[in-house]
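Residue numbers (this note's numbering), protein chains in the order written: chain A, 1 to 133; chain B, 1 to 184.
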Amino acid sequence: MRRKPHWYLGSWTDRLLLVLAIAGIAYTWHIALAMAGHGRAMVEIYRDHVLLAKYPLHGNYETPLHMHAKGTLGTSEIVLDNRGVYFESSPCPNHQCVLAGHKHRRGDMIVCVPNHILVTIRGDANALDAVAE
Amino acid sequence: MLWQNELMQTAVLPHPSLETLRRQAQWMALLMLAVTLHVIEASLPSLGPWLKPGLANVVTLIALVMLGPGRAFGLAVARVFAGAMIIGTLFTPTFVLSLSGALAAAVVMFAAWRLIPDISLIGVSLLGALAHMLVQFVTVEALFIRQSTLYYLLPPLLLASCATGWLNGILATYVTERLKGNHG
Numbered sequence: 001m002r003r004k005p006h007w008y009l010g011s012w013t014d015r016l017l018l019v020l021a022i023a024g025i026a027y028t029w030h031i032a033l034a035m036a037g038h039g040r041a042m043v044e045i046y047r048d049h050v051l052l053a054k055y056p057l058h059g060n061y062e063t064p065l066h067m068h069a070k071g072t073l074g075t076s077e078i079v080l081d082n083r084g085v086y087f088e089s090s091p092c093p094n095h096q097c098v099l100a101g102h103k104h105r106r107g108d109m110i111v112c113v114p115n116h117i118l119v120t121i122r123g124d125a126n127a128l129d130a131v132a133e
Numbered sequence: 001m002l003w004q005n006e007l008m009q010t011a012v013l014p015h016p017s018l019e020t021l022r023r024q025a026q027w028m029a030l031l032m033l034a035v036t037l038h039v040i041e042a043s044l045p046s047l048g049p050w051l052k053p054g055l056a057n058v059v060t061l062i063a064l065v066m067l068g069p070g071r072a073f074g075l076a077v078a079r080v081f082a083g084a085m086i087i088g089t090l091f092t093p094t095f096v097l098s099l100s101g102a103l104a105a106a107v108v109m110f111a112a113w114r115l116i117p118d119i120s121l122i123g124v125s126l127l128g129a130l131a132h133m134l135v136q137f138v139t140v141e142a143l144f145i146r147q148s149t150l151y152y153l154l155p156p157l158l159l160a161s162c163a164t165g166w167l168n169g170i171l172a173t174y175v176t177e178r179l180k181g182n183h184g
């Protein structure tokens with residue numbers, strides 16, 4: 001028995017599912033970008049849902065700003081400089097957060113799951129404020 | 001002669017049929033393959049945070065076609081446990097995420113395989129990859145980070161899941177057709 005030509009394109013059902021998935025993702029992406037906020041970009045550091053620190057992304061950071069976030073496993077060192085924000089060190093086993101490198105765009109995020117630390121860049125006026133304006 | 005027949009019958013231990021043995025051997029071979037891929041993926045440099053090609057899931061898809069949903073589900077769970085024991089991540093956050101993702105992908109893939117008409121392994125793999133990523137995020141948000149901001153990361157990663165899911169589906173289709181002797 002021979003395979004159907006272009007079998008790697010899937011069946012019509014597969015293609016329909018792909019289109020629906022991409023449409024759904026595009027919609028949620030649009031929502032996510034809107035929720036990332038407007039106004040001045042701010043770096044927010046959370047431990048779980050507790051906001052530990054909040055700094056403007058674009059400041060005068062000729063001397064990098066070192067922040068220490070105490071998490072479940074220990075202290076993560078987060079650095080804010082003129083290139084953006086990054087994890088300098090972390091007590092987590094895989095160091096995925098350190099390997100993520102610099103983040104500098106609104107909506108960017110670095111997550112350290114084992115240490116429960118989240119670093120995110122958002123606008124200081126959130127989407128609901130923007131609607132109210 | 002009657003007592004000889006009775007003796008013969010009692011001496012013969014009940015044993016599984018050849019077909020059952022063949023299926024068990026296939027399951028074990030697929031499990032070893034899945035664990036190997038799981039370990040290799042864990043040791044490869046990451047494509048990005050949260051992003052893995054999900055090659056071990058190809059084996060679950062192959063098991064789904066060759067052995068049926070029940071054994072494929074067992075394989076997906078056994079693969080996560082065995083892989084975590086080898087890597088040394090058993091009962092760590094990595095293991096919890098891996099298990100939740102694998103379970104979600106397995107349930108969604110089996111439901112799609114049974115319920116959606118005209119779906120191929122490619123579509124099944126696509127839905128499995130999306131379910132895997134989505135449930136991993138829900139697990140992280142519920143158990144570890146507890147910060148809904150996390151979901152902003154989800155759309156680009158779901159898009160990447162579409163690509164890896166589709167490619168894994170192509171690979172699984174190719175392998176299953178080869179195994180069935182339909183390679184043309």
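Yeah, the Cβ is synthetic: ideal placement off N, Cα and C, and Gly gets one too.
Within the region 56 to 85 of chain A, T72 place their CB atoms closer than 9 Å to a CB of chain B, listed in sequence order. At least 8 Å separates the beta-carbon of M133(B) from that of S98(B). The alpha-carbon separation between T28(A) and D108(A) amounts to approximately 15 Å. The beta carbons of V124(B) and L61(B) sit closer together than 8 Å.
Three or more pairs of CB atoms, one per stretch, sit closer than 8 Å, so the region 141 to 160 of chain B contacts the region 46 to 63 of chain A. In this structure C112(A) is in contact with S90(A), their Cβ atoms being roughly 5 Å apart against a cut-off of 8 Å.
By the CB criterion at 8 Å, R40(A) and P64(A) fall outside the cutoff. Assignment of beta-bridge partners to F87(A) by DSSP yields I78(A). Within chain A, the residues whose beta carbon sits less than 7 Å from that of S120(B) are G10, S11 and D14, listed in sequence order.
For D48(A), the chain B residues whose Cβ falls inside 7 Å of its Cβ are I145, R146 and Q147, in order along the chain.
The shortest CA-to-CA distance from R83(A) to any of K103(A), W7(A), A69(A) and L99(A) is the one to K103(A).
With contacts defined by Cβ atoms closer than 8 Å, L67(B) and W27(B) form a contacting pair. Not one beta carbon of chain B lies nearer than 8 Å to the beta carbon of G37(A). Neighbours of G107(A) across chain B, judged by C-beta separation under 9 Å: Y152 and L153.
Assignment of A69(A) by DSSP, reduced to helix, strand and coil, places it in the strand class. Nearest to V80(B) by alpha-carbon distance, out of L158(B), P69(B) and T94(B), is T94(B). Note on geometry: alpha-carbon atoms of T13(A) and L73(A) lie some 46 Å from one another.
Within the DSSP bridge table, the entry for K103(A) names V85(A) as partners.
Residue pairing of E44(A) in beta bridges, as defined by DSSP: K54(A) and T120(A). Of the residues E44(A), K70(A) and G10(A), the one whose Cα lies closest to the Cα of R122(A) is E44(A). The Cβ of L44(B) sits no closer than 8 Å to any Cβ of chain A. Secondary structure note for C162(B): its alpha helix (DSSP H) is the uninterrupted segment L154 to L179.
Between T176(B) and V65(B), the C-beta gap is smaller than 8 Å, which places the two residues in contact.
Contact with chain B is found for V113(A), since one of that chain's Cβ atoms lies less than 8 Å from the residue's Cβ. A straight-line Cα-Cα distance of about 42 Å links A42(B) and P14(B).
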